[in-house]
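Read top to bottom, the protein sequences are chains A and B. Counted from 1, the first sequence has number 518 at position 11 by my numbering; the numbering is strictly sequential. Counted from 1, the second sequence has number 604 at position 97 by my numbering; the numbering is strictly sequential. Don't be surprised by glycine CBs; every beta carbon is placed ideally from N, CA and C. None of the values given here were measured: they were computed from a predicted structure. Reviewing the structure listed below.
There are 2 protein chains.
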Amino acid sequence: MGKTSTVRDQVLNHAAALIMQRGYNGFSYRDLSNLVGVKTSSIHYYFPAKDDLVLEAVNEYSNRVLGNVHAVDATLSADKKLREYAKFFTETLGDSGRICLCGMLAADIGSLPDNIRLAVQTFFKANENWLTQVLAQGAEEGTLVENGQLESVARTIFSAFQGSVMASRLFHTNARLDEVVAAWIVVP
Amino acid sequence: MGKTSTVRDQVLNHAAALIMQRGYNGFSYRDLSNLVGVKTSSIHYYFPAKDDLVLEAVNEYSNRVLGNVHAVDATLSADKKLREYAKFFTETLGDSGRICLCGMLAADIGSLPDNIRLAVQTFFKANENWLTQVLAQGAEEGTLVENGQLESVARTIFSAFQGSVMASRLFHTNARLDEVVAAWIVVP
DNA sequence: GTCTATAAACGGATAGAC
DNA sequence: GTCTATCCGTTTATAGAC
Numbered sequence: 508m509g510k511t512s513t514v515r516d517q518v519l520n521h522a523a524a525l526i527m528q529r530g531y532n533g534f535s536y537r538d539l540s541n542l543v544g545v546k547t548s549s550i551h552y553y554f555p556a557k558d559d560l561v562l563e564a565v566n567e568y569s570n571r572v573l574g575n576v577h578a579v580d581a582t583l584s585a586d587k588k589l590r591e592y593a594k595f596f597t598e599t600l601g602d603s604g605r606i607c608l609c610g611m612l613a614a615d616i617g618s619l620p621d622n623i624r625l626a627v628q629t630f631f632k633a634n635e636n637w638l639t640q641v642l643a644q645g646a647e648e649g650t651l652v653e654n655g656q657l658e659s660v661a662r663t664i665f666s667a668f669q670g671s672v673m674a675s676r677l678f679h680t681n682a683r684l685d686e687v688v689a690a691w692i693v694v695p
Numbered sequence: 508m509g510k511t512s513t514v515r516d517q518v519l520n521h522a523a524a525l526i527m528q529r530g531y532n533g534f535s536y537r538d539l540s541n542l543v544g545v546k547t548s549s550i551h552y553y554f555p556a557k558d559d560l561v562l563e564a565v566n567e568y569s570n571r572v573l574g575n576v577h578a579v580d581a582t583l584s585a586d587k588k589l590r591e592y593a594k595f596f597t598e599t600l601g602d603s604g605r606i607c608l609c610g611m612l613a614a615d616i617g618s619l620p621d622n623i624r625l626a627v628q629t630f631f632k633a634n635e636n637w638l639t640q641v642l643a644q645g646a647e648e649g650t651l652v653e654n655g656q657l658e659s660v661a662r663t664i665f666s667a668f669q670g671s672v673m674a675s676r677l678f679h680t681n682a683r684l685d686e687v688v689a690a691w692i693v694v695p
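Rendered as structure tokens:
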């Protein structure tokens with residue numbers, strides 16, 4: 508009954524959480540060692556270099572989050588979809604001081620190798636593509652503000668969410684994420 | 508004729524640049540030592556602890572940038588002001604891989620003491636207040652999109668700029684900052 | 001003010017026993 | 001797979017000579 512999770516998975520989960528809280532340069536194998544209860548050398552057995560660990564954390568995170576995003580009920584109106592989307596950021600933030608793993612790594616990009624940059628870029632593009640579709644639907648329905656090229660606006664909205672989740676943590680509030688949604692919903 | 512700058516100022520300037528590129532946990536006293544050409548112990552003479560150095564870097568940056576922002580020609584139309592504002596981010600980014608120092612520290616906030624958090628919050632609020640005024644002007648003129656509470660939209664725009672400058676660096680482009688401006692300019 | 005010297009902890013990583 | 005032991009460079013910081 509009790510959930511059994513491999514050491515490898517525990518390392519990966521704790522690594523993701525630490526990155527979301529403190530960034531790439533803000534956590535160590537020692538932190539993970541203390542959290543999981545195995546020696547650092549055991550972690551090196553699964554992930555020879557720190558970059559190997561981080562790349563896999565990004566891929567897992569990306570798959571999970573994009574899975575959730577694409578599972579948003581397709582029959583919803585565009586403004587409702589945007590609200591659901593905002594919830595993902597809110598839930599991640601919670602009270603734990605965690606922001607989007609890929610948003611954090613975008614800030615840390617100066618310390619990262621190219622394969623991780625690529626993975627983060629892919630996550631960004633997937634989100635922006637999904638938002639583009641939502642904007643197109645919103646324009647058709649008249650539920651979302653229509654102003655400019657869909658792709659451009661989608662990138663701006665995604666940037667607004669990423670910036671907003673950082674500001675929310677900075678100010679210990681999560682009202683700022685709702686404001687992002689409100690900025691694109693047509694006022695009656 | 509040659510510009511003379513004190514060791515203290517050089518340390519402060521290099522520290523700001525390094526934070527903008529690699530974040531709080533991504534640079535060291537040794538980096539500064541190599542750049543300025545003095546030993547790390549000499550840097551500790553001016554800034555006993557790393558947090559002292561970072562706090563002062565934030566204050567200097569904040570004063571300089573807010574000075575520039577408030578020096579934007581008051582007679583410009585609101586959309587022109589927004590374009591000028593975007594230039595600050597573009598110029599900072601340049602080709603140097605630097606993003607807004609306070610945006611970076613917002614990402615690193617989990618590693619920072621409370622006095623630095625306060626200073627970063629103050630910078631955010633000052634920008635958001637300025638943007639609120641611009642939005643009010645734009646609503647009056649009909650040059651900027653009017654949708655929702657001014658303060659809320661101002662916070663969203665600032666978040667969009669912060670997120671956008673990170674995405675711009677991630678993708679090695681700076682077109683994304685123009686898209687943020689375009690998203691709030693009334694299409695003819 | 002700047003240096004040398006040093007401390008004491010931390011960082012990622014590896015070799016080899018079990 | 002996990003451990004002990006270890007390597008070696010890094011990091012922040014201090015004491016004291018010049």
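Contact test: residue i Cβ vs the ligand MN heavy atom, cutoff 7 Å
i	result
T650 (chain B)	Absent from the structure shown: the ligand MN. Ligands present: none.
Coarse secondary structure for residue i, derived from DSSP in three states
i	result
I606 (chain B)	coil
L542 (chain A)	helix
L651 (chain B)	strand
For residue i, the nearest candidate out of the options (CA to CA)
i	options	result
V696 (chain B)	B:I526, B:A556 and B:L583	No statement about residue 696 (chain B) is possible, as the shown extent of chain B runs from 508 to 695 and does not include it.
A667 (chain A)	B:R515, B:V652, B:R683 and B:Q656	B:R683
V518 (chain B)	B:E563, B:Q528, B:E686 and B:N532	B:E563
V660 (chain A)	A:V627, A:V687, A:M673 and A:V572	A:V687
Y553 (chain B)	B:G604, B:V514, B:R590 and B:G670	B:V514
D685 (chain A)	A:G604, A:S603, A:K594 and A:I606	A:K594
R590 (chain B)	B:H551, B:V576 and B:P555	B:V576
Q628 (chain A)	A:P555, A:L608, A:A581 and A:T597	A:L608
A523 (chain A)	A:N532, A:V561, A:R662 and A:P555	A:V561
G649 (chain B)	B:K546, B:L619 and B:S584	B:S584
G645 (chain B)	B:Q669, B:W691, B:S548 and B:Y592	B:W691
W637 (chain A)	A:D580, A:S603 and A:D558	A:D580
T639 (chain B)	B:F665, B:I623 and B:L619	B:F665
K479 (chain A)	A:P620, A:M673 and A:F596	The shown model of chain A, from 508 to 695, leaves out residue 479 (chain A), and the question about it has no answer.
G601 (chain A)	A:M673, A:D516 and A:G544	A:M673
L700 (chain B)	B:D559, B:F596, B:P555 and B:H551	What is shown of chain B runs 508 to 695, which leaves residue 700 (chain B) out entirely.
S618 (chain B)	B:G530, B:V652 and B:P555	B:G530
N622 (chain B)	B:T511, B:V543, B:L539 and B:D559	B:D559
Buried or exposed (CB count within 10 angstroms, at least 16 for buried), residue i
i	result
E635 (chain B)	buried
H521 (chain B)	buried
Y568 (chain A)	buried
V694 (chain B)	exposed
K632 (chain B)	exposed
R605 (chain B)	buried
R537 (chain B)	exposed
D586 (chain A)	buried
S671 (chain A)	buried
T491 (chain A)	Shown here, chain A extends from 508 to 695; a query on residue 491 (chain A) therefore has no answer.
K588 (chain B)	buried
N532 (chain A)	buried
N654 (chain A)	buried
T582 (chain A)	exposed
Q669 (chain A)	buried
R571 (chain B)	exposed
A578 (chain A)	exposed
L651 (chain A)	buried
L625 (chain A)	exposed
- prompt: Are the segment 608-617 of chain A and the segment 673-688 of chain B touching, with three or more C-beta to C-beta distances below 8 Å?
  reply: yes
- request: Would you list, in sequence order, the uninterrupted alpha helix (DSSP H) runs of no fewer than 4 residues that lie entirely inside the segment 567-628 of chain B?
  value: 585-600 and 608-614
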